[in-house]
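Participant:
Numbering (full-length UniProt numbering), first residue to last: 1 to 290.
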């Protein structure tokens, strides 16, 4: 088998596409310097061409309101977002910049058995929480001001109010619930921040678009679930259906589903397509299934 035979075939998810690139790069790494330099020059030329084409496309379309709306929707797709970020056509979001600033202090916190998590981003304020050994540590105030606060202020000057949340909130709306759906345990990468927990009605659902996919988010007590917004019967949208005690009924043909599991109570042989979901603080994140 030669090197060309080892080049992977088409993959559609971001993790798969990135993995394919890494595997091809591993092949190049075994080549001599002249070959590697030639490949690197070729890569740069292709990237420059693609980047310039994308920049011209965005400039041509952004002044058209309908096109601008379509582009904003398109960048919710993880692959589109990753490529546009790669070419610096999209700037990092505020949340990304805050997380990058926190990443700068996390090694220091980890050396003492602790960590810091971003709870909320509501410009010009953010909320953070110390976890592990840093939670309740007598030196946490010094760590907060000399480490976390300084790092965020330098990276994100538009953030002027950095609030340290102590422990878990006892708010009645359970905004600080920490939850990871069982099939999401161990999932790395590919997470989309979709909404705040308090934007999903308790006992109800919220329909959103994630990475170009129509999904429904359900909140039942402290558990959040995510499913494709499509009845397993004929693929009709479910978000207009009635909900009673955690059971949603398709508004078109009456198929009933358990929102905690996606199980179809009308035809047990089918089920809703599940997506991984996790709740951190008041943030709800979804990882689309393939």
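Every residue, glycine too, gets a C-beta built ideally from N, C-alpha and C.
#1: Cα separation between residue 62 and residue 71?
#2: Would you tell me roughly how many angstroms separate the C-alpha atoms of residue 41 and residue 25, rounded to the nearest one?
#3: In the DSSP assignment, the beta strand (DSSP E) including residue 96 goes from what residue to what residue?
#4: Which class does residue 28 belong to by DSSP, given the choice of helix, strand or coil?
#5: Tell me whether the beta-carbon of residue 202 lies closer than 8 Å to the beta-carbon of residue 213.
#6: On the DSSP bridge list, what partners appear for residue 247?
#7: Name the two residues that bound the continuous beta strand (DSSP E) containing residue 214.
#8: Is the stretch 233 to 248 in contact with the stretch 277 to 285, if contact means three or more CB pairs nearer than 8 Å?
#9: Check whether the stretch 25 to 35 and the stretch 47 to 62 touch, using three or more Cβ-Cβ pairs below 8 Å as the test.
#10: In this structure, does DSSP put residue 50 in helix, strand or coil?
#11: Give me whichever residues DSSP pairs with residue 118 in a beta bridge.
#12: Can we say the stretch 204 to 221 touches the stretch 230 to 239, given the rule of at least three CB pairs closer than 8 Å?
#13: For residue 77, count neighbouring Cβ atoms within 10 angstroms of its own Cβ and tell me buried if that reaches 16, exposed if not.
#14: Any idea what DSSP makes of residue 153, helix, strand or coil?
#15: Quick check: the stretch 151 to 168 against the stretch 95 to 105, are at least 3 beta-carbon pairs closer than 8 Å?
#16: Go ahead and label residue 163 buried or exposed: buried means 16 or more other beta carbons lie within 10 angstroms of its beta carbon, across all protein chains shown.
#17: With H, G and I counted as helix, E and B as strand and the rest as coil, what does DSSP make of residue 64?
#18: On the CB-based measure, 16 or more other CB atoms within 10 Å of its CB, does residue 262 come out buried or exposed?
#19: Rounded to the nearest angstrom, what separates residue 296 and residue 286 at their Cα positions?
#20: Quick one, which of 19, 161 and 88 has its alpha-carbon nearest residue 53's?
#21: For a test of the three-state rule: what should DSSP assign to residue 89, helix, strand or coil?
#22: From the DSSP output, in three-state form, read off residue 208 for me.
#23: Check residue 77 in the structure and name its three-state DSSP category.
#24: Let me check one thing: in DSSP terms, what residues is residue 285 bridge-paired to?
#25: Suppose you measure from the CA of residue 90 to the CA of residue 265; what does that come to, to the nearest Å?
#26: Going by beta carbon distance, what residues of the same chain come within less than 7 Å of residue 18, once the five residues before and after it are set aside?
#27: Nearest to residue 83 by alpha carbon, out of 208, 207 and 50?
#28: May I have the straight-line CA-CA distance separating residue 205 from residue 253, to the nearest angstrom?
#29: Between residue 147 and residue 278, what straight-line distance do the alpha-carbon atoms span, to the nearest angstrom?
#30: Going by DSSP in three states, residue 271 sits in which element: helix, strand or coil?
#31: Please state whether DSSP places residue 20 in a helix, a strand or coil.
Facilitator: So, to answer that:
#1: Taking the chain shown and counting its residues from 1, the one referred to as residue 62 is at position 62. Taking the chain shown and counting its residues from 1, the one referred to as residue 71 is at position 71. The alpha-carbon atoms of residue 62 and residue 71 are separated by roughly 8 Å.
#2: As a working note, residue 41 is residue 41 in the chain shown. As a working note, residue 25 is residue 25 in the chain shown. Between residue 41 and residue 25, the C-alpha separation is close to 14 Å.
#3: Along the chain shown, read from residue 1 onward, the residue named residue 96 stands at position 96. Here residue 96 belongs to no beta strand (DSSP E); instead the alpha helix (DSSP H) covers 94 to 110.
#4: Numbered from 1 along the chain shown, position 28 holds the residue referred to as residue 28. If DSSP states are grouped into helix, strand and coil, residue 28 belongs with the helices.
#5: For the purposes of this step, residue 202 is identified with residue 202 of the chain shown, where counting begins at 1. For the purposes of this step, residue 213 is identified with residue 213 of the chain shown, where counting begins at 1. For residue 202 and residue 213, no; Cβs fall outside 8 Å.
#6: Working through the chain shown from its first residue, we reach residue 247 at position 247. For residue 247, which the question treats as bridged, DSSP gives the partners 244 and 258.
#7: Your numbering for residue 214 matches position 214 in the chain shown. Note, residue 214: beta strand (DSSP E), 213 to 220.
#8: no
#9: no
#10: For the purposes of this step, residue 50 is taken as residue 50 along the chain shown, with counting starting at 1. Three-state result, residue 50: helix.
#11: The count along the chain shown starts at 1 and reaches residue 118 at position 118. According to DSSP, which records beta bridges pairwise, residue 118 is partnered with 128.
#12: yes
#13: In the chain shown, residue 77 corresponds to position 77, counting from 1. Under this definition residue 77 is a buried residue.
#14: For the purposes of this step, residue 153 is taken as residue 153 along the chain shown, with counting starting at 1. Looking at residue 153 - three-state DSSP - the assignment turns out to be helix.
#15: yes
#16: Against the chain shown, residue 163 aligns to sequence position 163. Looking at its Cβ environment, which holds fewer than 16 other Cβ atoms inside 10 Å, residue 163 is exposed.
#17: One-based indexing of the chain shown puts residue 64 at position 64. Coil, per DSSP.
#18: Your numbering for residue 262 matches position 262 in the chain shown. Burial call: buried.
#19: The structure shown does not extend to residue 296, since the chain is modelled only from 1 through 290, so no value can be given for it.
#20: In the chain shown, counting from the first residue as 1, residue 53 sits at position 53. Nearest option by C-alpha distance: 88.
#21: Here residue 89 corresponds to residue number 89 of the chain shown, with the count starting at 1. Note: residue 89 maps to coil in three-state DSSP.
#22: The residue you call residue 208 lines up with position 208 of the chain shown. Three-state result, residue 208: strand.
#23: Indexing the chain shown from 1 puts residue 77 at position 77. Here residue 77 sits in coil by DSSP.
#24: Indexing the chain shown from 1 puts residue 285 at position 285. Answer is 193 and 278.
#25: Reading the chain shown from its first residue, position 90 is the one you call residue 90. Reading the chain shown from its first residue, position 265 is the one you call residue 265. So the alpha carbons of these two residues sit roughly 44 Å apart.
#26: In the chain shown, residue 18 corresponds to position 18, counting from 1. Result list for residue 18: empty, nothing under 7 Å.
#27: Working through the chain shown from its first residue, we reach residue 83 at position 83. Residue 83 has its Cα closest to that of 50, out of 208, 207 and 50.
#28: Counting from 1 along the chain shown, the entry for residue 205 is found at position 205. Counting from 1 along the chain shown, the entry for residue 253 is found at position 253. Approximately 19 Å between the Cα atoms of the pair.
#29: Within the chain shown, numbered from 1, the residue matching residue 147 stands at position 147. Within the chain shown, numbered from 1, the residue matching residue 278 stands at position 278. Each residue's alpha carbon lies about 27 Å from the other.
#30: Within the chain shown, the letter at position 271 stands for residue 271. Note: residue 271 maps to strand in three-state DSSP.
#31: Position 20 of the chain shown, counted from the first residue, corresponds to residue 20. Three-state DSSP puts residue 20 in a helix.
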